[in-house]
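From first to last, the protein sequence lines stand for chains H and E. Residue 104 in the numbering used here is what sits at position 104 of the first sequence, and the numbering runs on without skipping anything. Residue 208 in the numbering used here is what sits at position 208 of the second sequence, and the numbering runs on without skipping anything. Before any comments, here is the structure.
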Amino acid sequence: MTPFPTIDALTQALEAAGYFADRRLATAVFLALKLERPLLLEGEPGVGKTELAKALSLALQREMLRLQCYDGLEQREALYEWNYAAQLLHMRAAQALHEPSSTPGTGGPDHVGDVVAKMEREVYQARYLIRRPLLQALQTPAPGAVLLIDEVDRADEPFEAFLLEYLGEYQVSIPEIGTVRAGVIPVTILTSNRTRELNDAVKRRCLYHWLDYPERERELAIVRAQVPQASSALSAQVAAVVGKLRSQPFANAFQRAPGIAESVEWAKALVALDTLAIDPEVMADTAGILFKQREDVAALTRDMATELLKPEEAPA
Amino acid sequence: MLLGDSRSGKLADNITEFGRALRRAGVRVDSARIALAAEAALAVGLEAKADVSAAMEAVMVSREQDRLVFRELFDVFFRNPEVAQKLLSQLLPSAEGKAEPSKRRPRVREALSPQKAFGHQAKPKEEDQKVEFDAAMTASDLQRLKHADFNALSATEYRLVERLARDVRLPLPYVASRRMRPGPAGARLHWSGVMRHAVRTGGELMHLPRMQRREQPLPLLVLVDVSGSMERYARLLLAFLHAATRRHPRRDVFAFGTQLTDLTPAFRLADTDEMLAHASAAIEDFAGGTQLGESLATLRHHHARRLVGRRTLVLVITDGLDTGEPQALDDELTWLGRHSRRLLWLNPLLRFDGYAPVARGAAVLSRHAQGMLAVHNLSKLEDLAGSLASLMKA
Numbered sequence: 001m002t003p004f005p006t007i008d009a010l011t012q013a014l015e016a017a018g019y020f021a022d023r024r025l026a027t028a029v030f031l032a033l034k035l036e037r038p039l040l041l042e043g044e045p046g047v048g049k050t051e052l053a054k055a056l057s058l059a060l061q062r063e064m065l066r067l068q069c070y071d072g073l074e075q076r077e078a079l080y081e082w083n084y085a086a087q088l089l090h091m092r093a094a095q096a097l098h099e100p101s102s103t104p105g106t107g108g109p110d111h112v113g114d115v116v117a118k119m120e121r122e123v124y125q126a127r128y129l130i131r132r133p134l135l136q137a138l139q140t141p142a143p144g145a146v147l148l149i150d151e152v153d154r155a156d157e158p159f160e161a162f163l164l165e166y167l168g169e170y171q172v173s174i175p176e177i178g179t180v181r182a183g184v185i186p187v188t189i190l191t192s193n194r195t196r197e198l199n200d201a202v203k204r205r206c207l208y209h210w211l212d213y214p215e216r217e218r219e220l221a222i223v224r225a226q227v228p229q230a231s232s233a234l235s236a237q238v239a240a241v242v243g244k245l246r247s248q249p250f251a252n253a254f255q256r257a258p259g260i261a262e263s264v265e266w267a268k269a270l271v272a273l274d275t276l277a278i279d280p281e282v283m284a285d286t287a288g289i290l291f292k293q294r295e296d297v298a299a300l301t302r303d304m305a306t307e308l309l310k311p312e313e314a315p316a
Numbered sequence: 001m002l003l004g005d006s007r008s009g010k011l012a013d014n015i016t017e018f019g020r021a022l023r024r025a026g027v028r029v030d031s032a033r034i035a036l037a038a039e040a041a042l043a044v045g046l047e048a049k050a051d052v053s054a055a056m057e058a059v060m061v062s063r064e065q066d067r068l069v070f071r072e073l074f075d076v077f078f079r080n081p082e083v084a085q086k087l088l089s090q091l092l093p094s095a096e097g098k099a100e101p102s103k104r105r106p107r108v109r110e111a112l113s114p115q116k117a118f119g120h121q122a123k124p125k126e127e128d129q130k131v132e133f134d135a136a137m138t139a140s141d142l143q144r145l146k147h148a149d150f151n152a153l154s155a156t157e158y159r160l161v162e163r164l165a166r167d168v169r170l171p172l173p174y175v176a177s178r179r180m181r182p183g184p185a186g187a188r189l190h191w192s193g194v195m196r197h198a199v200r201t202g203g204e205l206m207h208l209p210r211m212q213r214r215e216q217p218l219p220l221l222v223l224v225d226v227s228g229s230m231e232r233y234a235r236l237l238l239a240f241l242h243a244a245t246r247r248h249p250r251r252d253v254f255a256f257g258t259q260l261t262d263l264t265p266a267f268r269l270a271d272t273d274e275m276l277a278h279a280s281a282a283i284e285d286f287a288g289g290t291q292l293g294e295s296l297a298t299l300r301h302h303h304a305r306r307l308v309g310r311r312t313l314v315l316v317i318t319d320g321l322d323t324g325e326p327q328a329l330d331d332e333l334t335w336l337g338r339h340s341r342r343l344l345w346l347n348p349l350l351r352f353d354g355y356a357p358v359a360r361g362a363a364v365l366s367r368h369a370q371g372m373l374a375v376h377n378l379s380k381l382e383d384l385a386g387s388l389a390s391l392m393k394a
């Protein structure tokens, strides 16, 4: 199912779609395509898990379907649901039509059974089925779909059980109709922020990749691609500062390190403010973009900002 | 590279051996995964070792904490499988698959690190480091690292714990979850049920089944003080908590003294004795001082995710004789309070009737706790279990 003969080809296609994947990630994606397995991505918020699915759908020119998970997500919101209103209407209409001949009670018990069986067949037919993302993904015509099951860890454990059949066999069983199998096997990406450990049954059906924060060059490439208006010096400064914020001496001071999304936003903000080079003052003013918690914003002191900005020039 | 040639079947053999080695190092890999790993290696081609490593990792690893083990073992194994095998068999004789993950990793790393490769002194060396670490730590003379020594339960104790767990019901608060189930008390129609009935009656709606919300207990996070002053209670307390919350779908348990120990993996074991054995091995600061503030900082930095969506019920069991900085404790408790549904404090040490939380730590704790119960003369597990229950009711 992969149009990419090599890992390099895939990396380039992703890059063309605006996603800069490192070699290990590209390998995992390549395998997911080649072995037709779902890929489970775990990592801190803001490392580009969701973005990968979007880039893949662009690169593969497949429609992207997205299932956002949340606590209490049900089968009827993820897989399918019957259109009850239409089913009821159908029944009333059928009843009105057949009223004279098939009033219950006029025929024998066999006859009543037949009527019920016929009604069941009529009412539970595919056109009264509301397809939710999982089922849609299975039935998307060629070239198929990219299904993103986002933040699986937010859904509760019972929900994972609904996923198993899909992940393992690419099929969904509907008691009234039978089993729906995939026409074209959907490329399936699951993401998790690891607020809880996922069930082994889910993991066994997936390939796994832990996404880390990108190294500096990759981050720089991302910032440059996303914010082309920023001067290269500014982009380099952004990548350097954010990289430092995530690494040890500084990371401990904050509850949550800024992700890639934050560095891109920050670069955009700096451009909007016509900043040529970051100084501690600008950094303090724009700290709310890097950090989303009051304590973290407060923790970024002027001294620390100076420290963050200063040694950058020394080794360079 | 010693991956071998696929035609001769050597590749498959090597990967199978590697899979076994991984398993011995505590990474869960089943045979289906091993077969898939061979397929993956062939899919990326055998030219670049890094690609093969990444490919096999995507297949054989399914948890973040196993990645490093995998990479190190991969490097050693495919440089020289025999050395790796020997290393593993020497240093990981029975590598218990159930050991907690955080313990496992350093052990594997130790087993594979070159400088310790030929010695059996890995263990004592670790001990040495610990002492140094201890000496370098703080001025607090209360801190002495000591492993807890929890004996397995005696038959009488076992029966007591089991009986109490059965009889003293911890009234863990239940909240309506977002998941529905068929039931008479609901406001919503159970549509698929309605349809099933309607079909049978020819479209006539004679009976309207309903859906109601499922109830689920609040996630539970327990912080148990194992410092010197709590020494006497810790063992049976843990045993009782383990038995009483056995069916709780989401419980996290931490022990704290001068540092924070995650007992959740130990609590996942079904057997109480096994749990105690694992807890003993895990707790390194048993019967030392109390530094709740610092322990909470560790919790915030490394385990903040355990506090599920601000719904968690946090239960702190401590005497509040904290030796840390009160301001730091205050900050940490503010954070904890903001990230949890309720903060309850069970204070089991107080032998004096006129007790008021005046000690620095205790004063801070009582300000933040939404429920506090001080229990006088708590010598029996019955009392402890009862007080826990009444604290939750409050």
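From the three backbone atoms N, C-alpha and C, an ideal C-beta is built for every residue, glycine too.
Considering only heavy atoms of the ligand ZN, does any lie closer than 7 Å to the CB of residue i?
i              : result
E219 (chain H) : Summarising the ligand content, the structure contains no ligands, and the ligand ZN is consequently not present.
Check the Cβ-Cβ distances between residue i and every residue of chain H, and say whether any is below 8 Å.
i              : result
A54 (chain E)  : yes
R300 (chain E) : yes
V69 (chain E)  : no
R305 (chain E) : yes
S154 (chain E) : no
R338 (chain E) : no
A35 (chain E)  : no
A50 (chain E)  : yes
E64 (chain E)  : yes
Do you know offhand how far residue i's Cα is from residue j's?
i              : j              : result
V112 (chain H) : K118 (chain H) : 10 Å
L237 (chain E) : D271 (chain E) : 15 Å
T318 (chain E) : P348 (chain E) : 7 Å
G324 (chain E) : L344 (chain E) : 20 Å
I130 (chain H) : Q87 (chain H)  : 12 Å
P171 (chain E) : P209 (chain E) : 30 Å
L10 (chain H)  : A16 (chain H)  : 10 Å
K49 (chain H)  : L41 (chain H)  : 6 Å
S387 (chain E) : G43 (chain H)  : 41 Å
V222 (chain E) : R76 (chain H)  : 35 Å
V184 (chain H) : L160 (chain E) : 59 Å
T275 (chain H) : H303 (chain E) : 37 Å
V316 (chain E) : E332 (chain E) : 13 Å
T258 (chain E) : T245 (chain E) : 26 Å
E195 (chain H) : V180 (chain H) : Correcting the residue type first, residue 195 (chain H) is Thr in the shown sequence and not Glu. Taking the straight line joining both Cα atoms gives about 32 Å.
So is residue i in contact with chain E if we call contact Cβ pairs under 8 Å?
i              : result
A28 (chain H)  : yes
G72 (chain H)  : yes
K34 (chain H)  : yes
H209 (chain H) : yes
R302 (chain H) : no
E42 (chain H)  : yes
R132 (chain H) : no
P214 (chain H) : no
I185 (chain H) : no
Please classify residue i as buried or exposed, where buried requires at least 16 neighbouring CB atoms within 10 angstroms.
i              : result
P175 (chain H) : exposed
Y213 (chain H) : buried
Y166 (chain H) : buried
S263 (chain H) : buried
I260 (chain H) : buried
D8 (chain H)   : exposed
K10 (chain E)  : exposed
P217 (chain E) : buried
Of all Cβ atoms in chain B, is any one closer than 8 Å to the Cβ of residue i?
i             : result
K49 (chain H) : Considering every chain present, this structure includes no chain B. Its protein chains are H and E.
In this structure, how does DSSP classify residue i when only helix, strand and coil are distinguished?
i              : result
A139 (chain E) : Legend: pLDDT at A139 (chain E) = 34, less than 50; position of this residue unreliable, value from coordinates given subsequently. Residue state, collapsed to three classes: coil.
F77 (chain E)  : helix
I317 (chain E) : strand
M390 (chain E) : Note that residue 390 (chain E) is Ser in the sequence shown, not Met. Residue state, collapsed to three classes: helix.
L213 (chain H) : Here residue 213 (chain H) is Tyr; the residue named in the question, Leu, does not match the sequence. Note: Y213 (chain H) maps to coil in three-state DSSP.
P186 (chain H) : coil
G203 (chain E) : coil
N193 (chain H) : coil
V47 (chain H)  : coil
What whole-angstrom Cβ distance do residue i and residue j have, given they're in contact under 8 Å?
i              : j              : result
T140 (chain H) : E63 (chain H)  : 6 Å
R338 (chain E) : T312 (chain E) : Not really, about 12 Å apart at Cβ, beyond 8 Å.
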